[in-house]
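A.B. asks: Would you mind keeping the following structure in view while I ask a few things?
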Amino acid sequence: MPEWGYKININNQIDLDFNDKKYLQKLIESEPSVKSCFACGTCSGVCSAGNFTQLSLRKIIALVSRSEIQDLSKELSKCMLCGKCTLVCPRGVNTRNFILSARKLLNDIEIAK
Amino acid sequence: MKFDIFVIPFLLGLNFLLIYIIVRFTKWILSLNTEEKCKLRKYIFSFSLFKSLKEINQEVLLHRKIFKTNPLLGYMHMSLALGWFLLILVGNLQVKFFSPDPFNPPHYPIFLKFFEPNPPSYPFDKAFNFIMDLALLIVLSGAFLAWIKRFNSSLFGMKHPTVHSRGDKLALTALWFIFPLRLFAEGLSAAIYNNGSFLTNTMGHFFGSILPAEKLIYPAWWAYSLVLGTFFLALPFSRYMHIPVEPLLIIFRNAGITAKRKISTFAQIEINACSRCGICIDKCQLSSANNVRNIQPSYFLRNLRHHINDFDVIQNCLMCGRCNAACPVGIDSTEIRLAKRIEHNGYNPFKYDYLPSINPYRTDVLYFAGCMTHLTPSVKKSMTEILDMSGISWEFLDKDGTICCGRPLLLAGQLESARVLIDKNTASIKASGSKTLVTSCPICYKAFKEEYNLDIEIMHHSQFLLRLIEEKKISLKKSNRTVVYHDPCELGRNSGIFTEPRQVINYSAHLLKTDYENEKGLCCGGSLGNIPITNFQRKKIASEAIEKMGISKAEALITGCPLCKKTFAEVSDKPVMDISQLVACNLIKPKIEETKKATKKVMEDGAYSRS
Amino acid sequence: MPKKKIAVIGGGIAGMEAAGQLAAMGLEVSLLEKGNILGGHVANWHHLFPDGKLAKEIIAQLKSGVQDKVDIHFGAEVYKLQKSNNYFTLNLTDGQNIEADAILVATGFDLFDASKKEEYGYSIYDNVLTSADLEEKFNSGKVLKTSNGAIPHKIAFIHCVGSRDEKVGNTYCSKVCCITAVKQAIEVKKIIPEVEVYCFYMDLRFFDRYFEDTYFEAQTKYGIQFIRGRLSEASEDMNGAIILKAEDTLIGKPLKLTVDMVVLMVGKVSSTGTQELSKRLSIQLDEDRFIKTLDSHTLFNFSNKEGIFVAGTCTGPKTITETIADARSAAMQAASYLRNNSFSENNSK
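Protein chains in written order, with our numbering: chain V, 78 to 190; chain R, 2 to 612; chain C, -4 to 344.
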């Protein structure tokens, strides 16, 4: 590998080559409808929790689909499961089941550790 | 000699069954907690016990509730239960009249015609024989109908009867053979000794004419005993456990014991009391609209009996309660489902520490729109207009955003997380000092009533609107509009509020009747109780519900829930309105308002001379 | 040899163009319009994208092709149709019956009923309009005012209302709403130069010639703000202004904006006329309820029924240019069919 004279800050980029896609695959199996998300942001806009704190389901789905799942547990824990996002999604993503499955899978990973 | 070796299978089976029942029931009673034991003790030694006995008679023997679902189905179940009960009861009574011994072995009355084929005359002997034959005929008619039902269940009003497990099929077969074999044995006995009544004598003549009665009779008794023994052995592990357990359930339930969101003793009793009759399957809209037929209580409770934890079955339920309303045994399977969800999902409660403390103004009436109502602004606007016009002092608690009531979390099984939200909301409600909490969402209403510890009055907006009308704080003009009212599951069946919405509607429009009112109400499909359901499946449930309710003669569909409103609006050709909208449309406004509106109109139309 | 007859159902621009072309080719044409005027939806429009041409000029041009050259029926809907031997008999609601050797369906589209998206507040809040309502205001020449009679300071355009939305049963894109939004945004800016205009979109679809230039102009010359975020909720403040909530997805934060007027860019849906007629004629519809053509690449003017041709937006959303081209193509195919009394090459049953 040639010496470029400077280092790219690896932590600042989404390395799709490197990221472990197992979590994403399991999650998609639990809730396949999340594949159709086109990031319109309606879910984040109606979010009940979003009135009080930073919670963007669109962002979470985008990050998860890039297998960027650090801090995911913390973000998901803000959701009150009110269901407004599921009611407005134009692509019919079952957001509530997505969140519950995501939480469950993270919990399983924690327990396994 | 009151014994023969052929009774051994019967005795083995019976003894096993009795020991099993005694041990199981004792275990259950002992595993009750102190409070429950106390309730039970108080109940048994009170006169209310007679009420239970009456209920046992009505449901366990006569199957009154099943008659309401379908008369033929009711007769089928009743004839089997009542007929068999009469055979045992009258049989034992018969022996009392006939035999001088006060103590007889249990098999003696059952196989009486074997042990005393040619008895001397005794009081009421002809009557007893007649009644026994009649009871046998009743049971046989039931068994015959049950056999027919396997081929044509729609005759009995059942589109989709339960698909039974192999174990249940074995027990079922044994049960079906019991009475024909009794008839065969007693018939052969009558052929030889002429000791029967209208049924057994007739059959006896028939058997006697074509069969060697003397040779067959002893094997016949053996067969009868074997089948009885097999059935008794299979009973505790099959659906027929409901026979002994249902009376126990009725007593416990009337004593005030509940499942309490855990697979507690009471829940265990309920699980064992399910007869898998399958009536819940047809009532379930997931079956009728989406052909999903593995999640109904018949199957769900069977899974639990066999300790199978199928997560999909647990989560895939609208929690609408239609199954509970139809259950002839009165099992609250939604509570059990909730208990399983809590067991499964109730890990790691969330802190929600980002939630602020809301300090509302001190007021008399607090209005809580609810999360979903923010997506149906017509409801918010209508309620605001009505409450402003009524002149009462009120505050809109969640105007800028709702802290969810917590019930959606609860329905998903996250009980502890829901508690955090409940505490937060309770604090702000208490801080307002209000005496009345009005909400537009039935889900929130049920949460406030059951999960929150509020000393104040909690009302759904339909109830509050009725009060405003009756206290003449608002007045309505009745329009000629014809409407149909849909009972939201959480408001109607699950909270018992049926009349107030209808009374409010009657002040504003003409209410048409449907076949699906009150407890029979249909679910819109929008339920937050079902987690894995797809939007396509929800729409099918909604379309089917609208079709069944029949709104073609009405001008609008009225409902009392923002979730129902949104779900129906997607599939309805007719407009879908909330009760508050209907009221707001028909408000008689004071003269000042009218002039204000007129001035506004002039401003819009006039003064367009300059471009 | 007697002239071949063709009935064109629908007096919008597709019907007018096809009728005009067919008449010019020497056929006997009946043009059936259920309303009282020709021109369909385009008759309600003011300036057209992308060049600002006036809609009434196009209508006038099309009218000259049919006036006195085509037998026009107004107030005429087809309530009964029979096919015997090789010709159709149509019974009309204006009392007349006509015979035709072929039929051309040009029944057009309807606009999505915005009150179905309750969270946007149409017919609940006074200051929420559809793009059609706004176009009507442009046409009327009246000054643009809010419900309180004031000049708006801020106006928001909401894209994709009733399109690309599974919740209302229309998952397709209506194509022309994005460019219409930009067109109307620019028009509003021309009328009220100080007004702030915002466009809330999910994706921007500027697929045709000069569309992208219009977008560029909107951003640079007119300073129109584009926010990538689908409107989540609209509520009303005490003065009738609309408070919008959305997520600004490019920034990743929730966004709140109070505007004086909201314009909903409603999508195109298959018209009730199309659906009723198709049921009566047993014409096959696709899943999105638009008429299904035999092949979307090469046989886009053929329905599944022999002798029944289709043109215009009854087969799917189109721009005016596309509609007129489609109508011309349909006219050519129909004329060819009538000349040979069979389908032209490349056909299939």
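Note that beta-carbon positions come from the ideal geometry of N, C-alpha and C, so glycine has one too. Here the structure is a predicted model, which means the values were calculated and not measured.
For residue 34 of chain C and residue 95 of chain C, I'd like the C-alpha separation in whole angstroms.
C.D. replies: One C-alpha to the other measures close to 23 angstroms.
A.B. asks: Relative to chain V, which residues along the segment 233 to 247 of chain C have a C-beta separation below 8 angstroms, given in chain order?
C.D. replies: Here the close residues are 240, 241, 242, 243, 244 and 247.
A.B. asks: Do residue 373 of chain R and residue 278 of chain R have their C-beta atoms closer together than 9 angstroms?
C.D. replies: No, they are not a contact pair.
A.B. asks: Output the distance between the C-alpha atoms of residue 167 of chain V and residue 531 of chain R, rounded to the nearest integer angstrom.
C.D. replies: Straight-line Cα distance between these residues: approximately 19 angstroms.
A.B. asks: To the nearest angstrom, how far is the alpha carbon of residue 612 of chain R from that of residue 132 of chain C?
C.D. replies: In this prediction, residue 612 of chain R has a pLDDT of 30, which is less than 50 and means its spatial position is unreliable; what the coordinates show is noted afterwards. Residue 612 of chain R and residue 132 of chain C: Cα-Cα distance of roughly 12 angstroms.
A.B. asks: How many Å lie between residue 159 of chain C and residue 116 of chain V at the Cα?
C.D. replies: Distance between the alpha carbons of residue 159 of chain C and residue 116 of chain V is about 13 angstroms.
A.B. asks: I want to verify the contact list: residues of chain V whose CB lies under 7 angstroms from the CB of residue 546 of chain R, in sequence order.
C.D. replies: By Cβ distance, chain V contributes nothing, its closest Cβ being about 17 angstroms from residue 546 of chain R, past 7 angstroms.
A.B. asks: What whole-angstrom Cβ distance do residue 457 of chain R and residue 406 of chain R have, given they're in contact under 8 angstroms?
C.D. replies: So it is not a contact: roughly 15 angstroms between Cβ atoms.
A.B. asks: Taking the continuous alpha helix (DSSP H) assigned at residue 316 of chain R, which residues delimit it?
C.D. replies: Unbroken alpha helix (DSSP H) run through residue 316 of chain R: 312 to 316.
A.B. asks: Look at residue 240 of chain R and residue 303 of chain R and say whether their C-beta atoms are less than 9 angstroms apart.
C.D. replies: Yes, the pair counts as a contact, with Cβ atoms nearer than the cut-off.
A.B. asks: List, in chain order, every chain C residue whose beta-carbon is nearer than 9 angstroms to that of residue 115 of chain V.
C.D. replies: Chain C residues near residue 115 of chain V: 159, 197 and 198.
A.B. asks: Bridge partners for residue 194 of chain C per DSSP, in chain order?
C.D. replies: DSSP lists C/152 and C/221 as partners of residue 194 of chain C.
A.B. asks: Run through DSSP, which three-state label would residue 139 of chain R get?
C.D. replies: Reduced to three states, the DSSP call for residue 139 of chain R is helix.
A.B. asks: Helix, strand or coil: how does DSSP classify residue 523 of chain R here?
C.D. replies: DSSP places residue 523 of chain R in coil when its eight states are reduced to three.
A.B. asks: For residue 240 of chain C, write down the residues that DSSP places opposite it in a beta bridge.
C.D. replies: In DSSP, residue 240 of chain C forms a bridge with C/228 and C/251.
A.B. asks: Does residue 610 of chain R pass the burial test, meaning 16 or more other C-beta atoms within 10 Å, or should it be called exposed?
C.D. replies: Caution applies to residue 610 of chain R, whose pLDDT of 30 falls short of 50 and renders its modelled position unreliable; the model cannot decide the point.
A.B. asks: Going by DSSP, name the residue or residues bridged to residue 231 of chain R.
C.D. replies: Beta-bridge pairing links residue 231 of chain R to no other residue.
A.B. asks: Exposed or buried, which one is residue 89 of chain C when buried takes at least 16 other CB atoms within 10 Å?
C.D. replies: By the 10 Å Cβ count, residue 89 of chain C comes out exposed.
A.B. asks: Residue 92 of chain R: which of R/126, R/146 and R/26 sits nearest, CA to CA?
C.D. replies: Selected option, being the one with the closest Cα: R/126.
A.B. asks: Where DSSP assigns a beta bridge to residue 97 of chain C, which residues make up the other side?
C.D. replies: Partner(s): C/1.
A.B. asks: When you compare the CB positions of residue 282 of chain R and residue 161 of chain R, do they come within less than 9 angstroms of one another, or not?
C.D. replies: Cβ atoms of residue 282 of chain R and residue 161 of chain R: closer than 9 angstroms.
A.B. asks: How about residue 418 of chain R and residue 351 of chain R: do their beta carbons lie closer than 9 angstroms?
C.D. replies: Contact: yes.
A.B. asks: Can we say the segment 566 to 584 of chain R touches the segment 506 to 525 of chain R, given the rule of at least three CB pairs closer than 8 angstroms?
C.D. replies: They touch, by the three-pair rule.
A.B. asks: With a cut-off of 9 angstroms, does the C-beta of residue 93 of chain C fall near any C-beta of chain R?
C.D. replies: No, because no Cβ of chain R sits closer than 9 angstroms to the Cβ of residue 93 of chain C.
A.B. asks: Quick one: using the 10 Å Cβ neighbour count with 16 as the cut-off for buried, is residue 145 of chain C buried or exposed?
C.D. replies: So residue 145 of chain C counts as exposed.
A.B. asks: Using 10 angstroms around the beta-carbon of residue 261 of chain C, count the other beta-carbons present and answer buried if the total reaches 16, otherwise exposed.
C.D. replies: The residue in question, residue 261 of chain C, is buried, as its Cβ has 16 or more Cβ neighbours within 10 Å.
A.B. asks: Leaving aside the five residues before and after residue 219 of chain C along the sequence, list all residues of the same chain whose C-beta is less than 8 angstroms from its C-beta, in chain order.
C.D. replies: Only 177, 180, 181, 184, 192, 193, 194 and 213 meet the Cβ criterion.
A.B. asks: Buried or exposed: which applies to residue 536 of chain R, given that a residue is buried once 16 or more other Cβ atoms fall within 10 Å of its Cβ?
C.D. replies: The residue in question, residue 536 of chain R, is buried, as its Cβ has 16 or more Cβ neighbours within 10 Å.
A.B. asks: What is the rounded straight-line gap between the Cα of residue 240 of chain C and the Cα of residue 370 of chain R?
C.D. replies: If you take the alpha carbons of residue 240 of chain C and residue 370 of chain R, they lie about 18 angstroms apart.
A.B. asks: Would you mind sorting residue 355 of chain R into buried or exposed? The rule is 16 or more other CB atoms within 10 Å of its CB.
C.D. replies: The residue is exposed, with fewer than 16 neighbouring Cβ atoms inside 10 Å.
A.B. asks: Taking beta-carbon pairs under 8 angstroms, can you tell me which members of the segment 129 to 151 of chain V lie near chain C?
C.D. replies: Answer set for the segment 129 to 151 of chain V: 131, 133, 135 and 136.
A.B. asks: Compare the C-beta of residue 579 of chain R with all C-beta atoms of chain V and state if any pair is closer than 9 angstroms.
C.D. replies: Residue 579 of chain R does not count as touching chain V.
A.B. asks: Counting only C-beta atoms, is residue 376 of chain R closer than 9 angstroms to chain C at any point?
C.D. replies: Closer than 9 angstroms to some Cβ of chain C, the Cβ of residue 376 of chain R qualifies, so yes.
A.B. asks: Determine the chain V residues that contact residue 170 of chain C at a beta-carbon separation under 7 angstroms, and present them in chain order.
C.D. replies: Going along chain V, no residue has its Cβ under 7 angstroms from residue 170 of chain C, so there is no contact; the nearest lies around 17 angstroms.
A.B. asks: Taking only beta carbons into account, state which residues of the segment 212 to 232 of chain C come closer than 9 angstroms to chain V, listed in chain order.
C.D. replies: Listed by position, the residues of the segment 212 to 232 of chain C near chain V (Cβ gap below 9 angstroms) are 223, 224, 225, 226, 227 and 228.
A.B. asks: Label residue 325 of chain C either buried or exposed according to how many other C-beta atoms from any shown protein chain fall within 10 Å of its C-beta, with 16 as the threshold for buried.
C.D. replies: So residue 325 of chain C ends up on the buried side.
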